[in-house]
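Chemist: In the numbering used here, the protein residues as written are 121 to 398.
(1) Per DSSP, what are the beta-bridge partners of residue 226 in this structure?
(2) Under a Cβ-count criterion, where at least 16 other Cβ atoms within 10 Å of its own Cβ denotes burial, should residue 333 be classed as buried or exposed?
(3) Could you please give me the residues that DSSP links to residue 250 through a beta bridge?
(4) Who are the Cβ neighbours of residue 422 in its own chain at under 7 Å, not counting the five residues just before and after it?
(5) Return the residue from the list 330, 145, 351, 285 that minimises the CA-CA distance to residue 178.
(6) Do the CB positions of residue 170 and residue 277 come within less than 9 Å of each other?
(7) By DSSP, does residue 290 sit in helix, in strand, or in coil?
(8) Am I right that residue 365 and residue 172 are in contact with their C-beta atoms under 8 Å? What's the rounded C-beta distance?
(9) Any idea what DSSP makes of residue 180, helix, strand or coil?
(10) For residue 203, is the classification buried or exposed, using 16 other Cβ atoms within 10 angstroms of its Cβ as the cut-off for buried?
(11) Would you call the segment 287-297 and the segment 371-380 in contact, with 3 or more CB pairs under 8 Å?
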């Protein structure tokens, strides 16, 4: 099972905020570099890989202290499945949102001159010089709210289903210490396969925190009305999808693991180990 956090001390909450800040700063920084350079210093693949590595590093740094929670959808799914106390959920989510907000502010500060040069001093949400999508997700012009909601539910469900499998010691578990790398690879395949519609947020904190920052920093309230009032979809849909994916894994996989005795474990390992298939 996924390790549960062991403390709620103030220093731990500060670490969670700082790690989320690092993840958003590095991830949104990848988007900013690609957009503000007009493709000269990045593109879809650098954004996909960069965000995935940012997640990997964040989980590595915070995993031993807080369990590596950098996504409210993950935290909620852990609560629903009994892996995290409900009393800790508000603290986790608050830290995640605050960290995402600060991370967005860091990206804006580092690239401030580039923002001003890119759009001649005007911070736009839509149009050829739009920059708000550096921080939060916005739907493609063709995407309806219904289709976008389904997109986010499915992508987050797959995310949580795979995360539960990665950390399931009774499944074909990832070697200890390599779990964050597996999570990073998972993010890459999800963004490469399900990112076209709306950027594959899968994380309410990663989306709402930076969106709030852009509203305050100069983009205005259009960040909430753009895309037919899209803003609520990457908040609600990932929470639902995360619970769906976690419950699906438990119902269809986890509860069906055989109860093995110590002497039987090697036989089962040999049976399913691909390297033994000749």
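Cβ coordinates follow ideal geometry from the N, Cα and C atoms, glycine included.
Please read these numbers as outputs of a predicted model, since none were measured by experiment.
Modeler: Taking the geometry as given:
(1) The residue you call residue 226 lines up with position 106 of the chain shown. Residue 226 is not bridged to any residue.
(2) Here residue 333 corresponds to residue number 213 of the chain shown, with the count starting at 1. Classification for residue 333: buried.
(3) Along the chain shown, one-based indexing puts residue 250 at 130. In the DSSP output, where bridge partners are listed per residue, residue 250 has 244.
(4) Absent from the structure is residue 422, since the part of the chain shown begins at 121 and ends at 398.
(5) Residue numbering aside, residue 178 sits at position 58 when the chain shown is read from its first letter. The candidate whose alpha carbon is nearest that of residue 178 is 145.
(6) Translated into positions along the chain shown, residue 170 becomes position 50. Translated into positions along the chain shown, residue 277 becomes position 157. No.
(7) Taking the first residue of the chain shown as position 1, residue 290 is located at position 170. Correct three-state label for residue 290: coil.
(8) By one-based count along the chain shown, residue 365 stands at place 245. By one-based count along the chain shown, residue 172 stands at place 52. Not really, about 18 Å apart at Cβ, beyond 8 Å.
(9) The residue you call residue 180 lines up with position 60 of the chain shown. DSSP places residue 180 in helix when its eight states are reduced to three.
(10) Stepping through the chain shown from its first residue, residue 203 is reached at position 83. It is buried - the Cβ of residue 203 has at least 16 other Cβ atoms within 10 Å.
(11) yes
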